[in-house]
Amino acid sequence: MLVLELNEVPYKVIDAFVQRHPHSHWAEAVQRAARFEVFNPDSGQLHPKVSWQTFHRGVPDHVHGFLEYNQTDAPGAESCPNIWDRLRRAGHSVGVGASIGAWPVPEDHENIAFYLPDPFAPEPVAIPERLATFQQFNTRAVAHSGRNVRTGGFRFLDVARLAGNMAMLGISPATVWSTVEQLIDERRNHKRVVRRRNIQALLSFDVVLHQIRKQHPAFATIFANHVAAAMHRYWAAAFPDDYEQNNMHEDWRRDYGDEIDVAMTHADHMIGRLLKLAREQQDVKILVTSSMGQHAIEHEVTHNQLMISDMQAFMRAIGFENDEYRQLPGMEPEYVIDCRDEATADRFRGVLRQQVVVDGEPPMVKPSNATQTAFLVFRTNVDIDRILVNDREVPLTEAGLHVEAIQDMAGSTAQHVPAGSCLVFDGRNDLSRHSDAREHDMTRITTSILAHFDVPWDAPLQEPIEALVNALNDSGQASSQRSVGLTTGSTVAG
């Protein structure tokens with residue numbers, strides 16, 4: 001069973017693509033797929049760093065307690081293990097393909113076919129070890145594909161190692177050609193540089209699918225974020241009528257109107273390769289899900305944004321030395337600092353809240369555990385050249401800050417909503433008869449997967465979705481379908 005974690009993609013985007021491309025792989029898959037209406041139950045921040053923990057652990061945010069990337073301790077860390085740990089403890093081989101929350105890499109490698117941590121992992125570690133070459137490249141690519149796509153910034157050694165290991169990693173000739181086409185296209189039209197995010201997704205998909213084909217795990221995940229990135233920025237171009245007032249001008253809509261469609265075309269390539277795998281291996285089921293969705297929001301043209309370009313300079317300006325903290329990866333414009341102890345973390349939070357003023361307001365501070373803190377100096381369309389630190393004016397350059405022009409003038413024209421997507425298909429059967437139009441808590445997908453593998457569960461996990469389990473168990477022969485009742489109400493093994 002393979003789970004394509006297509007981050008934040010709702011049915012509106014899938015259905016629009018199928019309507020526009022009726023002969024696509026998406027169209028073929030959707031026509032035969034079992035379709036389920038699902039929603040994210042989280043009550044706090046609706047964000048992928050939380051929502052995927054909710055999906056993987058099968059419980060909402062107030063139960064698992066995870067708030068940030070790379071967070072290793074939370075109230076539900078032990079009592080609500082993620083799904084791949086439950087499965088491997090039950091004797092099933094698993095593969096993890098850059099799923100959000102897949103950090104740290106387990107010290108115990110039992111029943112792990114491969115393990116590629118999420119793109120925000122702080123260290124280039126993977127199973128098998130040779131995947132660390134790609135992990136290092138992937139984390140650098142994420143760092144250069146934040147608010148703007150930044151060219152350059154890669155060490156020659158990283159690029160050389162990736163190029164020298166392409167065959168071993170499984171990077172396909174088609175992806176290499178797509179990369180070459182992208183580089184040529186952005187030279188002709190610099191606006192196309194934003195499409196580099198799609199290439200990063202293709203590279204990651206190649207690496208993970210190669211491991212799936214080589215290792216044959218019973219369960220595997222593949223994470224892709226490129227469509228989500230396009231939706232946030234370009235929803236107002238693709239779906240201009242979703243707004244009472246669309247503030248993005250006509251030229252902008254024309255320039256970026258195809259970006260979501262292009263991102264979905266790359267996802268279509270992924271769907272096609274998964275369909276091919278499912279035809280070759282007839283016991284394989286593909287589950288595509290999103291953990292939540294996106295929809296149009298009020299927005300404005302974004303000309304610039306305040307960003308931290310030198311974290312050491314910023315920390316020094318507010319009174320912290322290099323040995324008092326380390327910066328962890330985060331999703332720009334959010335930055336994450338791990339202080340050396342609780343006292344330093346308390347002081348850091350106090351300084352941000354009480355002594356730092358950015359464009360008239362303090363930074364937003366979000367503690368995630370005793371020593372880790374996420375914060376934002378998020379300001380857009382600003383005209384400032386200094387901040388205040390303890391009532392002293394500090395120039396932006398001295399504080400490690402700069403005002404960066406936004407290359408596509410897009411802030412967020414769409415944001416997170418609870419309604420997501422969940423499709424199940426294979427290479428030959430029509431599973432659409434198992435579709436269920438009733439709304440289901442997304443965490444029940446997790447329990448349904450456990451039920452498919454006959455792995456027991458208990459509260460706080462919810463009952464599985466019976467129709468989803470039947471779709472996963474459907475081999476095309478009615479007599480071979482297993483009953484959902486086999487594991488319902490059982491006790492968690494181990």
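Following our numbering, the numbering of the sequence shown begins with 1 at its first residue and continues without gaps.
Using N, Cα and C, we set each Cβ at its ideal position, and we do this for glycine too.
Quick caveat: nothing in here was measured; it's all calculated off a predicted structure.
At the C-beta level, Leu116 and Ala98 come within 9 Å of one another. Nearest Cα to Gly360 within the set Gln53, Lys366, Arg20 and Val377: Val377.
Measuring C-alpha to C-alpha distances from Gln245 to each of His269, Ala237 and Glu298 identifies Glu298 as the nearest. Between Tyr11 and Ser290, the alpha-carbon positions lie close to 10 Å from each other. A Cβ-Cβ contact shorter than 9 Å links Val38 with Ala419. For Pro173, there is no enclosing beta strand (DSSP E); the enclosing alpha helix (DSSP H) covers residues Pro173 to Arg188. Contact between the segment 185-192 and the segment 205-213 is absent: fewer than three C-beta pairs spanning the two stretches fall below 8 Å. Using a Cβ-Cβ distance cut-off of 8 Å, the segment 325-342 and the segment 366-380 are in contact, since at least three pairs of beta carbons, one from each stretch, lie closer than that value. When Cβ pairs closer than 8 Å are counted between the two stretches, the segment 253-262 is seen not to touch the segment 116-131, the count staying below three. Residue environment for Ala174: exposed (fewer than 16 other C-beta atoms within 10 angstroms of its C-beta). The three-state secondary structure of Thr380, taken from DSSP, is strand.
In this structure, Ala34 sits near Arg433, with a CB-CB distance shorter than 9 Å. In this structure, the beta-carbon distance from Ser475 to Asp283 falls below 9 Å.
Contact annotation: the segment 26-33 does not touch the segment 50-57, with fewer than three C-beta pairs closer than 8 Å.
At least 9 Å separates the beta-carbon of Lys285 from that of Leu46. Remark: C-beta atoms of Ala451 and Pro460 do not approach each other more closely than 9 Å.
Assignment of Phe453 by DSSP, reduced to helix, strand and coil, places it in the coil class.
When the beta-carbon positions are compared, Gln135 and Ala121 come within less than 9 Å of each other.
The Cβ-Cβ distance between Gly76 and Gly91 does not fall below 9 Å. Using a C-beta cut-off of 8 Å, the segment 267-281 makes contact with the segment 13-26, since at least three inter-stretch Cβ pairs fall below that distance. Secondary structure within the segment 381-455: the alpha helix (DSSP H) runs of 4 or more consecutive residues, fully enclosed, are 443-452 (chain order).
Across the structure, Ala218 and Asp118 are spaced so that their CA atoms are roughly 20 Å apart. Just measuring C-alpha positions, the residue of Asp454, Ser421 and Leu202 sitting nearest Asn470 is Asp454. Just measuring C-alpha positions, the residue of Pro106, Gln407 and Val365 sitting nearest Asp85 is Pro106. For the pair Arg196 and Glu186, the CB atoms are nearer than the 9 Å cut-off.
DSSP links Tyr335 through a beta bridge to Phe375. Short of 7 Å from the beta carbon of Ala437, and not among the five residues preceding or following it, lie these beta carbons of its own chain, in chain order: Glu37. A Cβ-Cβ distance of about 18 Å is found for the pair Met331 and Asn40, leaving them out of contact under the 8 Å criterion.
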